[in-house]
Structure formats: structure tokens, C-alpha cells
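Novice: Read in order, the letters of the sequence shown correspond to residues 79 to 281 in my numbering.
Where a beta carbon is used, it is the ideal one built from N, C-alpha and C, also for glycine.
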Amino acid sequence: MTQIKICGLKNTAAIETAVQAGADYLGFVFAESPRKVRPEEVRRLTKDLPETIKKVGVFVSPLQAEVEEIAEIAGLDLIQIHGKNELTKLSRPIIRAFSIRDQASIYFYQYPHLLLDAPPAKLMGGNGQTFDWRLVDQRHLPKDKLWLAGGLTAENVGEAISYFQPQVVDVSSGVETAGEKDLAKIQNFCQAVKAADKQIYDL
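1. In the DSSP assignment, what are the bridge partners of A149?
2. With H, G and I counted as helix, E and B as strand and the rest as coil, what does DSSP make of G252?
3. Just the Cα atoms here: how many angstroms apart are V136 and R170?
4. Count the other C-beta atoms from every protein chain shown that fall within 10 angstroms of the C-beta of I278, then say buried if there are 16 or more, exposed otherwise.
5. Considering only the beta carbon of each residue, do V246 and F267 sit closer than 8 angstroms?
6. From G153 to K167, what distance separates their C-alpha atoms?
7. For the beta strand (DSSP E) containing A232, list its first residue and its last residue.
8. Mind checking whether I131 and L104 have CB atoms under 8 angstroms apart?
9. Only counting the same chain, and skipping five residues up and downstream in sequence, which positions put a Cβ closer than 8 angstroms to that of K114?
10. Could you name the residues of the same chain whose beta carbon sits closer than 7 angstroms to that of D215, not counting the 5 residues immediately before and after it, in chain order?
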């Protein structure tokens, strides 16, 4: 069963829609981005969140002290790290982002969760860009801890699940319209994941 992360959330309506649609993880960006939020705001927005829904903080090349302070204020459950960074242990489990450029490096494989994303563009993530899946060497890809991002939408997520069998699919810009979360797109994305699981895993 593929889990779902809706990332780049900033308001109550989008959070409630994601939860009701079946998201397992909610992502909040603390790096420079149009989706950046303050940790105090995340705590306020998620104060009534069900315990089964996990909060992920997204950082780019952060310092440990910065991460730990924000994680405590926001009440984060996991830490997603992009960019150059050698942090391997924090108070919360780490999701380490990597791309096809990094796949030969065994450095990334020591983390409990690995996020395969498109190579960085203007932003480290959330650019809405797909990448050539055929360039990924799946022979050594640890599927048991694989998260998948990079231009996913309701239209292509079923194919992505079939191709990679990830543990989690991660979407941000693919559920937006004009740079803002689109509630219908969030619902459609979650429905597409469930439909793909039903077809692939015969649930």
C-alpha cells in the first residue's frame, strides 16, 4: 500500500483536504521558497491533527541546531533534508533527498528514508519537473525505504507507482494551480494513488 505525502502546505483548507483525502504525511517547508512557513504557524495549523498523520519538515542544507529548534516548535515527526549536508542523526528520523546524479553515492543509503527527486533546479524541490525514470539504477535501490517525488500528478502517479513501487509518493506543485494548493487536485491525486494500489496490488 503506497503512502501519500502532500508537501508545501500553508493553510487550514489544504491541510484538512489532504487529511480527508487520505494523506499519511503533511509536508511543511522551512527553506527559502514561496511555500515557506513559520514553525509557530505549523504548530497552530496542526494542533488538531490526528496522531496517525505525520508532520514532515523540509530543509535545505540546514544546521543541526536550526533543525532541532524548528522541529520542537512545529512539533515535527520527520525531517526531510535536501542539498549539501552531512547530518546523519537527529532527534527525528531523516528523509534524505537524492537524485539520479547522486545514485552512485553510498552516502545516501545510510538513512532510514530516501527521497528520489528530480535534480535541483531553481528550488531544491517543488519544481514540478519529472525526470527520466529509465536513468535510475533500480538494482540497488532500497524499495523498503523509498519515497518518490519529482513532477508527480494525478495523471502520472499510477505509472510511477507501477514503475518504482515506492513506500511513499510525494507531491507539491502537482496539486497546485497558480502556485497555490488546489483542493480538487489534492483529492484527485490521493484517489489516483488508491486506484493504482488497487490495480497493482489487487487490494
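Specialist: Checking against the coordinates, here is how it stands:
1. Paired residues: none, contrary to the question.
2. helix
3. 12 angstroms
4. exposed
5. no
6. 18 angstroms
7. A232 -> no beta strand (DSSP E), and no H or E assigned at all.
8. yes
9. V107 and F108
10. Q181
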